[in-house]
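In the numbering used here, the protein residues as written are 4 to 94.
Idealized CB from N, CA, C, for every residue including glycine.
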């Protein structure tokens, strides 16, 4: 097993938000995914919100998340502005 704490981290920066995807290990050796959103506030500090998903729940979590992503794909294009559609097509 890895050392206690953060084992892997990646980030995604979009506009004024940063998303962190961190795989960590707790003191009992359990692995979990910590998804963090960070965005600036008007006061100059940062608002951070996170979700923890433990290893034994990852499969079901991903399955439910995929349902949401599928729904977004089917319905979001209709509400996108033309510039957003062009950006998506370029990716």
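Specify, as a first and last residue, the run of the beta strand (DSSP E) that residue i falls within.
i: residue 52; result: 49 to 57
i: residue 25; result: 20 to 28
By DSSP, does residue i sit in helix, in strand, or in coil?
i: residue 35; result: strand
i: residue 9; result: strand
i: residue 67; result: helix
i: residue 42; result: strand
Is the CB of residue i under 8 Å away from at least one CB in chain D?
i: residue 25; result: Considering every chain present, this structure includes no chain D. It has just one protein chain.
If you drop the 5 nearest sequence neighbours on each side, which residues of the same chain put their C-beta closer than 7 Å to that of residue i?
i: residue 19; result: 42, 43
In its own chain, which residues sit with a C-beta less than 6 Å from the C-beta of residue i, not counting the 5 before and 5 after it?
i: residue 11; result: 26
i: residue 75; result: none
i: residue 53; result: 37, 39
Assuming residue i and residue j are in contact, meaning their beta carbons sit under 8 Å apart, how far apart are those beta carbons, in whole angstroms?
i: residue 15; j: residue 37; result: Between residue 37 and residue 15 the Cβ distance is about 14 Å, and since that is not below 8 Å, they are no contact.
By Cβ distance below 8 Å, which residues in the same chain neighbour residue i in space, the five residues on each side in sequence not counted?
i: residue 51; result: 39, 40, 41
i: residue 49; result: 41, 42, 43
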